[in-house]
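Asker: Protein chains in written order, with my numbering: chain A, 1 to 109; chain B, 1001 to 1109. Think of the CB as a built atom: it goes at the ideal place given N, C-alpha and C, for glycine as much as any other residue.
Protein chains: 2
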Amino acid sequence: MGITKTKQFTKIQNRKAELYKALGHPARIAIIEFLINQDSCVCGDIVNELPLSQSTISQHLKELKNVGIIKGDIEGVKTCYCIDDKVWAEFDDMCRLFMSSYSEKSKCC
Amino acid sequence: MGITKTKQFTKIQNRKAELYKALGHPARIAIIEFLINQDSCVCGDIVNELPLSQSTISQHLKELKNVGIIKGDIEGVKTCYCIDDKVWAEFDDMCRLFMSSYSEKSKCC
DNA sequence: TTATTTAATCGTAATATTACGATAGAATAA
DNA sequence: TTATTCTATCGTAATATTACGATTAAATAA
Chain A
1 MGITKTKQFT KIQNRKAELY KALGHPARIA IIEFLINQDS CVCGDIVNEL PLSQSTISQH
61 LKELKNVGII KGDIEGVKTC YCIDDKVWAE FDDMCRLFMS SYSEKSKCC
Chain B
1001 MGITKTKQFT KIQNRKAELY KALGHPARIA IIEFLINQDS CVCGDIVNEL PLSQSTISQH
1061 LKELKNVGII KGDIEGVKTC YCIDDKVWAE FDDMCRLFMS SYSEKSKCC
């Protein structure tokens, strides 16, 4: 089917999965790493850096934008992509909580 | 194409993406949450808990097992699934490093 | 104005994912 | 032995994802 039964799960479970899924592709990891490490946030610079076509990268940027991890600012002919502080913090909190909810003590086998 | 150009990215980028991707489905989030919060780790109990068929859940369990997040122990007729401490720690470390590599100071727009 | 640059979107092909029922195989119970 | 229980796997259908070239649209440059 290829269609996820979203309605069967909680809002929080879906949001969690959505954020993880957005980072579930090496190109999108590379894009985020680029935005963090480089001074530039210009779309064209990302395209030059990554081994994928312009249209493919544009598609990946859109997915990251859809979940809110990044935001795009059109500046004349160019577009500047940046990490969204609020969503990054949301993701950070969510991860910490999720990670720390498991302790080795609770293991059974 | 539906095929990821894995070879164009680093091992670490691919591993990161692979781990995130494994958690990029609400059913798999629910499975992990169940394993963390319940005493049980028996496959059948997971199937009873989640709103999906036995075969679908078996498939999701396999994906989590493939990236190493969980491991399965066959105990007679039943199978016990547990979180793998080592991989969980790897994921935790990876997340922390990734999250903390961004600071709001570095934002540009 | 016309040309150029930049990035989003469209169309499309190949492959992957999600989901289920049916089946199979292994372990235990009767 | 035979029946039952449990879970993995197979086969399949519907949908999603990934990737690219071509096109479009908007802004700037010539």
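Following the continuous alpha helix (DSSP H) through Ile-69 of chain A, name the residue where it begins and the one where it ends.
Answerer: Here residue 69 of chain A is taken as the residue at index 69 of the first sequence, counted from 1. No alpha helix (DSSP H) contains Ile-69 of chain A, which DSSP labels as neither H nor E.
Asker: Looking only at its own chain, which residues have a Cβ that is under 8 Å from the Cβ of Phe-1098 of chain B, when we skip the five neighbours before and after it?
Answerer: What you label residue 1098 of chain B is simply residue 98 of the second sequence in a count that begins at 1. Counting only Cβ-Cβ distances below 8 Å, and skipping sequence neighbours, we find Lys-1016.
Asker: Can you pull the chain B neighbours of Gln-13 of chain A, defined as C-beta to C-beta under 8 Å?
Answerer: On the first sequence, position 13 is the one that residue 13 of chain A refers to. Here the neighbours are Pro-1026, Ile-1029, Ala-1030 and Glu-1033.
Asker: From the DSSP output, read off the bridge partner residues of Val-1042 of chain B.
Answerer: As a position in the second sequence, residue 1042 of chain B is number 42, starting the count at 1. Per DSSP, B:Cys-1080.
Asker: Can you confirm whether Thr-6 of chain A, when its beta carbon is compared against all beta carbons of chain B, has any partner nearer than 8 Å?
Answerer: One-based indexing of the first sequence puts residue 6 of chain A at position 6. Interface residue, yes.
Asker: With three or more beta-carbon pairs closer than 8 Å as the criterion, would you say the segment 1045-1052 of chain B touches the segment 1062-1073 of chain B?
Answerer: No: the two stretches stay apart, fewer than three of their Cβ pairs being nearer than 8 Å.
Asker: Mind pulling the chain A residues with CB within less than 7 Å of Cys-1095 of chain B?
Answerer: Residue 1095 of chain B sits at position 95 when you count from the first residue of the second sequence. Those are Cys-95 and Met-99, listed as they occur along chain A.
Asker: My assumption, with CB atoms under 8 Å, is that Tyr-1102 of chain B sits in contact with Leu-23 of chain A. Please give the rounded CB distance.
Answerer: In the second sequence, counting from the first residue as 1, residue 1102 of chain B sits at position 102. In the first sequence, counting from the first residue as 1, residue 23 of chain A sits at position 23. About 13 Å; that fails the 8 Å criterion.
Asker: Does the CB of Asp-1045 of chain B have a neighbour CB from chain A at under 8 Å?
Answerer: By one-based count along the second sequence, residue 1045 of chain B stands at place 45. Taking Cβ atoms only, chain A never reaches closer than 8 Å to Asp-1045 of chain B, which makes this a no.
Asker: Considering only DSSP beta bridges, list what Glu-1075 of chain B is partnered with.
Answerer: Residue 1075 of chain B sits at position 75 when you count from the first residue of the second sequence. Paired residue(s): B:Lys-1078.
Asker: Restricting to Cα atoms, I'd like to know which of A:Lys-86, A:Thr-79, A:Thr-10 and A:Ile-3 is closest to Ser-58 of chain A.
Answerer: Looking up residue 58 of chain A in the first sequence gives position 58. When only C-alpha atoms are compared, the closest one is A:Thr-79.
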